[in-house]
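Read the structure below first, then the notes.
Chains as they are written, first to last, in the numbering used here: chain A, 1 to 291; chain B, 292 to 372.
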């Protein structure tokens, strides 16, 4: 049976289960469009497409800050997506961090600037928090500008990475993403059956799924509904298995034992999407919870 | 419980969760004002609030509050204060 040519655009709650599921590679050719990359917003998904199409120049420092895999290069032979059978997307944030027209990976930005400014110092860490969380993610321009100006004074080195850190502080701004526009744009480019995987930021101890920020989940579902796309909600599988057993402490990632179980569910979902099924898809919990 | 009593109990809980006895708090305090109050620790705090006050939040209530005062308001409503 022919493997389905599959494009996976999402974060670690999709990528890691796929890679942990032996059958994924038998059923899907999901590395046809390059190695999986952590992609959190629609803007980042478009960047990935621009990159493999060779449509845009990504300087080395931008590649690192976008977390492009080292072994990823333009893929002109598949870049028209004419042979694409199915795509799944998992947007995990409604906010882009924009720098010179590129949407950067949040953790990469925080770590890069933090390392240059000396994040081990408590006062510096507080400034970084103010710049990043209150200023950028919280859209507080006064806090962003104030913290950035103080952090800039701490980065006086002449190394290339010091220069980039200063530029990040001066030029990075946050922008709200348009969920519907993003999903519609991908749909128009890829022209194949497409499914959306809901992102649950965390789970409460009794399994209630938490979306972050408030309203993000509803906006995402509404966007998918308006395009009549299939939506997969992983909540029942996580809760059926036991949130404590399915998630590592802190709740942001799946446990090693649960990844292949989620991977199997994603495989089923991808196959259902390919079969042009739409609406909300929710698979039964795994038959037995973890020991 | 009165609003003041709820506030006092909540402030103690927040100091406990963030392990900072000297944390200055008011209704206007936001997550961005507290060093470690990121989205992950916000959920951890709300788990502690549910346990401490014996209430249950709807999922959108967990992420909706913009400051400490809004958490107090939600608690007051749930506790009938």
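Beta carbons are placed, not taken as given, at the ideal position from N, Cα and C, and that holds for glycine.
Test item: CB-CB of residue i and residue j under 7 Å
i, j, result
"residue 353 (chain B)", "residue 337 (chain B)", "yes"
"residue 53 (chain A)", "residue 79 (chain A)", "yes"
"residue 414 (chain B)", "residue 339 (chain B)", "Outside the shown range of chain B, which is 292 to 372, sits residue 414 (chain B), and nothing can be said about it."
"residue 210 (chain A)", "residue 350 (chain B)", "yes"
"residue 116 (chain A)", "residue 165 (chain A)", "yes"
"residue 367 (chain B)", "residue 306 (chain B)", "no"
"residue 220 (chain A)", "residue 179 (chain A)", "yes"
"residue 259 (chain A)", "residue 20 (chain A)", "yes"
"residue 35 (chain A)", "residue 69 (chain A)", "yes"
"residue 81 (chain A)", "residue 190 (chain A)", "yes"
"residue 174 (chain A)", "residue 127 (chain A)", "no"
"residue 265 (chain A)", "residue 237 (chain A)", "yes"
"residue 316 (chain B)", "residue 346 (chain B)", "no"
"residue 9 (chain A)", "residue 45 (chain A)", "yes"
"residue 83 (chain A)", "residue 274 (chain A)", "no"
Among the options, nearest to residue i - alpha-carbon criterion
i, options, result
"residue 207 (chain A)", "A:229, A:270, A:245", "A:245"
"residue 122 (chain A)", "A:107, A:163, A:151", "A:151"
"residue 218 (chain A)", "A:21, A:248, A:236, A:199", "A:199"
"residue 13 (chain A)", "A:271, A:275, A:262", "A:262"
"residue 195 (chain A)", "A:227, A:77, A:20, A:166", "A:227"
"residue 214 (chain A)", "A:76, A:231, A:138", "A:138"
"residue 324 (chain B)", "A:221, A:254, A:147", "A:147"
"residue 298 (chain B)", "B:330, B:343, B:349, B:335", "B:343"
"residue 106 (chain A)", "A:64, A:255, A:265", "A:64"
"residue 92 (chain A)", "A:264, A:274, A:225, A:202", "A:202"
"residue 249 (chain A)", "B:349, B:310, B:292, B:334", "B:334"
"residue 130 (chain A)", "A:120, A:97, A:143, A:118", "A:143"
"residue 310 (chain B)", "B:327, B:341, B:356, B:331", "B:327"
"residue 60 (chain A)", "A:161, A:247, A:253, A:272", "A:161"
"residue 133 (chain A)", "B:329, B:370, B:341, B:359", "B:329"
"residue 90 (chain A)", "A:101, A:234, A:83", "A:234"
"residue 197 (chain A)", "A:127, A:84, A:223", "A:223"
"residue 182 (chain A)", "A:47, A:27, A:25, A:26", "A:47"
"residue 7 (chain A)", "A:163, A:99, A:158, A:187", "A:187"
"residue 369 (chain B)", "B:341, B:331, B:314", "B:341"
"residue 100 (chain A)", "A:49, A:85, A:120, A:58", "A:58"
"residue 28 (chain A)", "A:1, A:157, A:243", "A:1"
"residue 216 (chain A)", "A:242, A:37, A:41", "A:41"
"residue 355 (chain B)", "A:212, A:49, A:66", "A:212"
Presumed contact (8 Å Cβ cut-off) between residue i and residue j, rounded CB distance
i, j, result
"residue 11 (chain A)", "residue 39 (chain A)", "7 Å"
"residue 23 (chain A)", "residue 267 (chain A)", "6 Å"
"residue 103 (chain A)", "residue 172 (chain A)", "Incorrect: roughly 10 Å between the Cβ atoms, too far for contact."
"residue 5 (chain A)", "residue 32 (chain A)", "5 Å"
"residue 95 (chain A)", "residue 177 (chain A)", "7 Å"
"residue 169 (chain A)", "residue 231 (chain A)", "Not confirmed; about 38 Å, so no contact."
Local Cβ density within 10 Å of residue i, reported as buried at 16 or more and exposed below that
i, result
"residue 362 (chain B)", "buried"
"residue 289 (chain A)", "Confidence at residue 289 (chain A) is low in this model, with a pLDDT of 46, below 50, so its placement is unreliable and the value that follows should be read with caution. Counting Cβ neighbours within 10 Å, residue 289 (chain A) comes out exposed, since fewer than 16 surround it."
"residue 193 (chain A)", "buried"
"residue 153 (chain A)", "exposed"
"residue 291 (chain A)", "Caution applies to residue 291 (chain A), whose pLDDT of 43 falls short of 50 and renders its modelled position unreliable; the model cannot decide the point."
"residue 205 (chain A)", "exposed"
"residue 251 (chain A)", "buried"
"residue 135 (chain A)", "buried"
"residue 243 (chain A)", "buried"
Proximal chain A residues relative to residue i, where beta-carbon distance stays under 9 Å
i, result
"residue 329 (chain B)", "129, 133"
"residue 334 (chain B)", "201, 202, 203, 204, 210, 212, 251"
Within chain A, the residues that residue i reaches when beta carbons sit closer than 8 Å
i, result
"residue 320 (chain B)", "Here the premise fails: no neighbours, minimum Cβ distance about 12 Å."
"residue 323 (chain B)", "129, 130, 133, 134, 138, 140, 143"
"residue 338 (chain B)", "204, 205"
Interface residues of chain B facing residue i [CB-CB closer than 8 Å]
i, result
"residue 125 (chain A)", "326"
Distance cut-off 6 Å: residue i Cβ against heavy atoms of the ligand COA
i, result
"residue 240 (chain A)", "Inclusion of the ligand COA in the displayed structure is not the case, the ligand content being empty and no account of it being possible."
Interface flag, residue i vs chain C, CB-CB below 7 Å
i, result
"residue 312 (chain B)", "The structure shown contains no chain C; its protein chains are A and B."
Proximal residues of chain A, C-beta to C-beta of residue i below 7 Å
i, result
"residue 351 (chain B)", "214"
"residue 355 (chain B)", "214"
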